[in-house]
Amino acid sequence: MLFIYLLLCCVLTGVSGQLPVDYGKYVEWERRTLYCDSTHDQINSGLCWLTVGKDGQPKPAKCNRELAKLQNNQEEVRFVCDIECDGADRDSVVSKYPNSNRHCVRWWSYNTQKIEDGYGKGKWYIWRNGLCAMDRISLEVHCGFPTTS
């Protein structure tokens, strides 16, 4: 039975490595805002804070530096922060501030990423790289949590 489950997961996840999203479900959206400071050494990202919800208090974000393998088999350094959207099945990047920041371009130098845990759940992260990771920036994301009503 476990073999069938694993095989089904592999087929469903396909190339993306994620289970498909049921867009027929109702979704409850919750705001997350990641505030990151600029860096002084131009090697590591500045400190980041996370607020959860509309009126959440900023708290230190859980961020780390990782090496990401790209589709062309090259690697890049990314600074990855947990945005605490456990249980969400979708997200929507709403805004960045300042919106005139040319170093931070979605899909190129920052984006969200869901890492599956194998049970249809996963953790959501915002990653930044290059000069975007060195800049002072605020990124707002809405996490979509499936609901029955």
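Sequence positions in the sequence shown follow mature numbering (1 follows the signal peptide of the UniProt record, and there is no 0) and run -17 to -1, 1 to 132. C-beta: ideal position from N, C-alpha, C; glycine also.
What's the gap between the Cα of S75 and the Cα of N94?
Straight-line Cα distance between these residues: approximately 10 Å.
Between the alpha carbons of K79 and D20, how many angstroms are there, rounded?
Approximately 14 Å between the Cα atoms of the pair.
Leaving out five residues before and five after K106 in sequence, what residues of the same chain have Cβ atoms less than 8 Å from its Cβ?
These residues qualify, in order along the chain: D65, C68, D69, K97, I98 and D100.
Any contact of the segment 112 to 119 with the segment 84 to 91, i.e. 3+ C-beta pairs under 8 Å?
Yes, they touch.
Under 8 Å by Cβ, that's how I've got R15 and L33 pegged, so tell me the actual separation to the nearest angstrom.
Sure, about 7 Å apart at Cβ, within 8 Å.
Please list, in chain order, all residues of the same chain as N112 whose beta carbon is under 6 Å from its beta carbon, the five residues on each side excluded.
Within the same chain, N112 has close Cβ partners E59, R61 and S92.
With a CB to CB cut of under 8 Å and the five nearest residues on each side skipped, what residues in its chain are close to K37?
Closer than 8 Å at the Cβ level, and outside the excluded window around K37, lie R14.
Thinking A71 and F128 are a contact (beta carbons under 8 Å), I'd like their distance in whole angstroms, please.
About 5 Å separates the two Cβ atoms, so the contact holds.
For S132, count neighbouring C-beta atoms within 10 Å of its own C-beta (all shown protein chains included) and say buried if the count is 16 or more, exposed if not.
Burial call: exposed.
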